[in-house]
Amino acid sequence: MDNTHTTNPILPAPGVCRNPAINTEASRTAGPGRQNDDASANRAMLALVRGEASENSRRGKALLRCRTPLLMGTFNANTLRTEYSAAECEQRRCDAGIEILGVQEHRIVLPDPNNIEYRTIGSGFFVISSAWRNQQQASVGGVGLMLGKKAKKALLDVKRISDRI
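This note's numbering numbers the first residue of the sequence shown as 64 and each following residue consecutively.
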């Protein structure tokens, strides 16, 4: 039988605290083998854990102050040419609590394909970049954003970069 002692690679080295989460409030001083336990280094993280606002969230010009989770999503619509299908998509966005919904393949062709159109649908707001016509004159593509009230209020600018962006 071999009496050599090998260390377990999962356990910390000797002298290192095995569970730094135990009694962290009582031991704020950094001892040997313990790192990042200084109260000033962890003050911001403690404030977030306790639900307190950080210094950055108190700015007067914050775009969105997310006290609740901000839900975003994408949707390949296949077509939203009819008012009914666009209204149904908007209703589903509201029901799911999604604030920003990226929509692709809406197939709505605008009179000027280089412009962006803004539409109000129900309680939401739809920003549309035009689809285009293929060789068979069928509409193809088109991207847009369905925005809730908070996202619409925070919207600063919409810029068309290409047919797809």
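By construction, the Cβ of each residue, glycine as well, lies at the ideal position given by its N, Cα and C atoms.
For T172, which of G207, L133, K212 and K216 has the nearest alpha-carbon?
According to the sequence displayed, residue 172 carries Val and not Thr. Closest by alpha carbon: G207.
Which value, in whole angstroms, describes the spacing of the CA atoms of S193 and A217?
Cα to Cα, the separation comes out at about 23 Å.
Beta-carbon proximity of E180 to G211, cut-off 8 Å
No. Outside cutoff.
Between which residues of its own chain and R182 is the CB-CB distance below 7 Å, once the five residues before and five after are set aside?
Once the five neighbours on either side are set aside, the close Cβ partners of R182 are F189 and I191.
Is S202 closer than 8 Å to R170 when the C-beta atoms are compared?
A contact, by the Cβ cut-off of 8 Å.
Can you name, in chain order, every residue of its own chain whose Cβ lies under 7 Å from the Cβ of I228, other than the five neighbours on each side?
Hits under 7 Å: none found.
May I have the straight-line CA-CA distance separating P132 from K213, to the nearest angstrom?
For P132 and K213, the distance between alpha carbons rounds to 13 Å.
Excluding five sequence neighbours on each side, which residues of the same chain lie with their C-beta closer than 6 Å to the C-beta of K215?
Answer for K215: F188, listed in chain order.
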